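Enquirer: Below is one structure. I have some questions about it.
Number of protein chains: 2
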Amino acid sequence: METVERLIRSTQELLWERGYVGTSPKAIQRAADAGQGSMYHHFSGKAQLARAAIERSGEELREAAEEQFASPGTATERITHYLERDREVLRGCRIGRLTADPDVMADPTLRAPVDETFRWLRGRLAEVVAEGKRTGEYPATIDPDQTAATIAAVLQGGYVLARAANSDEPFELAVQGLITLLQEASA
Amino acid sequence: METVERLIRSTQELLWERGYVGTSPKAIQRAADAGQGSMYHHFSGKAQLARAAIERSGEELREAAEEQFASPGTATERITHYLERDREVLRGCRIGRLTADPDVMADPTLRAPVDETFRWLRGRLAEVVAEGKRTGEYPATIDPDQTAATIAAVLQGGYVLARAANSDEPFELAVQGLITLLQEASA
């Protein structure tokens with residue numbers, strides 16, 4: 001694998017595991033098996049490398065989500081597939097966890113790919129919900145933007161509850177509770 | 001204010017703002033206007049002080065939540081009051097954000113008060129939902145433990161989405177989307 005690619009992937013892993021504040025350039029170089037000179041040849045520093053890593057993680061999140069959104073089935077079925085997809089629950093969300101990182105939130109160029117990823121996700125979920133309204137699956141009271149935010153929030157909050165409990169259980173409970181509410185709304 | 005109290009409150013604020021990894025003993029001493037000797041006279045170190053601060057934040061979260069849970073009204077009304085309570089959305093949850101902190105998650109004595117707080121919260125929410133089932137407000141399909149986890153997750157995930165967008169809006173959307181789903185379930 002090319003050095004640039006190794007640097008990006010190692011930074012993705014370290015940001016997921018340790019966050020931005022907890023990730024040092026030294027740790028990145030060690031994980032990527034790259035020298036300091038090589039890292040600074042390709043990137044101006046930790047911030048630029050982190051930006052590339054967050055963008056990559058955002059792309060991966062979008063690709064994985066799109067698989068379920070574009071699958072056949074009713075809106076509730078597609079949302080259910082998305083919610084029930086296999087996830088490394090206890091590792092949390094690679095993108096969402098960065099919102100707890102004050103240095104990421106304070107830097108507009110680092111926050112931008114986090115913001116864009118969640119805007120895309122909420123937008124796509126809103127489209128699926130809107131389709132469910134058009135086909136008569138959901139009643140007029142359901143607002144696509146609101147419901148989309150609720151769905152995205154249940155996943156992000158589910159990770160928080162799971163990590164707090166050191167168990168997947170609260171995540172699974174939160175997801176199943178949401179699926180039941182969506183089914184009740186479409187009943 | 002007593003030194004111990006100043007140390008705990010300063011640590012609560014720093015953990016909220018910077019997280020555990022990002023909070024140094026020096027920063028705590030500065031914020032508390034306490035000397036190093038004074039801090040180590042009262043606490044064995046950053047971990048013990050953080051434990052006291054997380055416990056305090058957990059107590060405050062429980063007290064604030066109980067106000068809405070114990071208020072009069074239907075289950076949906078009480079949950080709505082809880083969800084719509086004034087919150088410093090962009091600061092996020094003082095307890096929830098700690099789940100992104102690898103050193104807090106790796107230390108059982110630091111994770112314990114985080115875990116206990118969310119267990120209590122989910123338990124109390126499940127009681128309110130169960131009351132709503134007993135009074136016929138919610139149908140038999142609604143599982144109190146699942147719905148409680150969904151409600152807690154929407155708040156925690158709402159914070160994540162709001163911080164990502166640097167705006168309260170996604171939090172408000174997620175909350176209103178959940179309230180509509182709860183109303184649909186009880187209709």
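Read top to bottom, the protein sequences are chains Y and D. Numbering follows my numbering, with no gaps: position 42 of the first sequence is 42. Numbering follows my numbering, with no gaps: position 4 of the second sequence is 4. All residues carry an ideal CB built from backbone N, CA and C; glycine is no exception. Here the structure is a predicted model, which means the values were calculated and not measured.
With distance defined between alpha-carbon atoms, name the residue in D/L61, D/V128, D/L182, D/G22 nearest to D/F118.
Expert: Checked all of D/L61, D/V128, D/L182, D/G22; the closest Cα to D/F118 is D/L61.
Enquirer: Rank D/Y20, D/R9, D/Y159 by C-alpha distance to the C-alpha of D/A106 and give the top, closest one.
Expert: Comparing Cα positions, the closest option is D/Y20.
Enquirer: Beta carbons nearer than 7 Å to chain D: which residues of the segment 140 to 152 of chain Y have them?
Expert: Under the 7 Å Cβ criterion, the segment 140 to 152 of chain Y contributes T141, I142, D143, D145, Q146, T147, A149, T150, A152.
Enquirer: When burial is assigned at 16 or more other CB atoms within 10 Å of the CB, is Y/Q36 buried or exposed?
Expert: The residue in question, Y/Q36, is exposed, as its Cβ has fewer than 16 Cβ neighbours within 10 Å.
Enquirer: Could you tell me the boundaries of the alpha helix (DSSP H) in which D/P108 lies?
Expert: Here the alpha helix (DSSP H) through D/P108 covers 108 to 134.
Enquirer: From Y/E17 to Y/K26, what distance separates their C-alpha atoms?
Expert: Roughly 15 Å separates the two Cα atoms.
Enquirer: Using only CA atoms, which one of Y/Y82, Y/E13, Y/L161, Y/D33 lies nearest to Y/M1?
Expert: Ranking the options by Cα distance to Y/M1, first place goes to Y/D33.
Enquirer: Alpha carbon to alpha carbon, what distance is there between Y/I179 and Y/T80?
Expert: Computed Cα separation, rounded: 6 Å.
Enquirer: Cβ of Y/F69 within 8 Å of Cβ of Y/R124?
Expert: The answer is yes: Cβ separation under 8 Å.
Enquirer: Nearest chain D C-beta to Y/Q156 closer than 8 Å, yes or no?
Expert: Interface residue, yes.
Enquirer: List the whole-angstrom C-beta distance separating Y/G158 from D/A153, where the pair is believed to meet the contact cut-off of C-beta under 8 Å.
Expert: Their Cβ separation, rounded to whole angstroms, is 5 Å, which keeps Y/G158 and D/A153 in contact under 8 Å.
Enquirer: Just how far apart, CA to CA, sit D/G136 and Y/Q146?
Expert: About 26 Å.
Enquirer: Compare the C-alpha of D/Q156 against each of D/S38, D/G132, D/T141, D/R97 and name the closest.
Expert: Considering only alpha carbons, the answer is D/R97.
Enquirer: Counting only Cβ pairs nearer than 8 Å, list the residues of chain Y close to D/T109.
Expert: The premise fails here: D/T109 is roughly 13 Å from chain Y at the closest Cβ pair, so nothing lies under 8 Å.
Enquirer: Taking the alpha carbon of D/T109 as the point to measure from, which residue in D/A52, D/L15, D/A162 has its own alpha carbon closest?
Expert: With distances taken between Cα atoms, D/T109 lies closest to D/A52.
Enquirer: Among Y/E77, Y/P113, Y/L7, whose alpha-carbon lies nearest the alpha-carbon of Y/E59?
Expert: Out of Y/E77, Y/P113, Y/L7, Y/P113 has the C-alpha closest to the C-alpha of Y/E59.
Enquirer: Between which residues of its own chain and D/E169 is the CB-CB distance below 8 Å, once the five residues before and five after are set aside?
Expert: Closer than 8 Å at Cβ, skipping near neighbours: A162.
Enquirer: Looking only at its own chain, which residues have a Cβ that is under 6 Å from the Cβ of Y/L182, when we skip the five neighbours before and after it?
Expert: Around Y/L182: T76.
Enquirer: From the DSSP output, in three-state form, read off D/A52 for me.
Expert: It is helical.
Enquirer: If the criterion is Cβ atoms closer than 8 Å, does the pair D/P72 and Y/E184 meet it?
Expert: The answer is no: Cβ separation not under 8 Å.
Enquirer: Under 7 Å Cβ-Cβ, which residues of chain Y neighbour D/F43?
Expert: Neighbours of D/F43 on chain Y: none; closest Cβ ~23 Å, over 7 Å.
Enquirer: Please go through the same chain and pick out, in chain order, the residues whose beta-carbon is closer than 8 Å to the beta-carbon of Y/A130, but skip the five residues on each side of it.
Expert: Excluding sequence neighbours, Y/A130 sits near P144.
Enquirer: Out of D/V160, D/A100, D/A187, D/V4, which one is the CA nearest neighbour of D/G45?
Expert: If we check each option's Cα against that of D/G45, D/V4 comes out closest.
Enquirer: Measure the CB-CB distance between Y/Q29 and Y/S57 and report whether it falls below 8 Å.
Expert: No.
Enquirer: Keeping to the same chain, check which residues put their C-beta closer than 8 Å to that of D/T150; ignore five residues upstream and five downstream.
Expert: Around D/T150: L178.
Enquirer: Taking Cβ positions only, does D/E127 come closer than 8 Å to chain Y?
Expert: No, its Cβ sits nowhere closer than 8 Å to a Cβ of chain Y.
Enquirer: Report yes if the C-beta distance between Y/A65 and Y/L15 is below 8 Å; otherwise report no.
Expert: Contact flag unset, no.
Enquirer: Classify D/Y82 as helix, strand or coil using the three-state DSSP reduction.
Expert: Three-state result, D/Y82: helix.
Enquirer: Determine whether the beta carbon atoms of Y/N166 and D/R111 lie at a separation below 8 Å.
Expert: Yes. Within cutoff.
Enquirer: Under 8 Å, do Y/T99 and D/V89 count as touching if we go by C-beta distance?
Expert: In this structure, D/V89 does not lie closer than 8 Å to Y/T99 by Cβ.
Enquirer: What is the residue span of the alpha helix (DSSP H) that Y/M39 lies within?
Expert: Residues 36 to 42.
Enquirer: For Y/F118, return the contacting residues in chain D, with the cut-off set at a CB-CB distance below 9 Å.
Expert: The answer, in chain order, is V160, L161, A164, A165, P170.
Enquirer: Report the residues of the segment 58 to 83 of chain Y with a CB closer than 7 Å to any CB of chain D, ordered along the chain.
Expert: So nothing in the stretch comes that close.
Enquirer: Expressed to the nearest angstrom, what Euclidean distance is found between the alpha-carbon atoms of D/I142 and D/S186?
Expert: Their Cα atoms are separated by approximately 10 Å.
Enquirer: Thinking C-beta only, is Y/R85 closer than 8 Å to Y/V128?
Expert: Not closer than 8 Å, so no.
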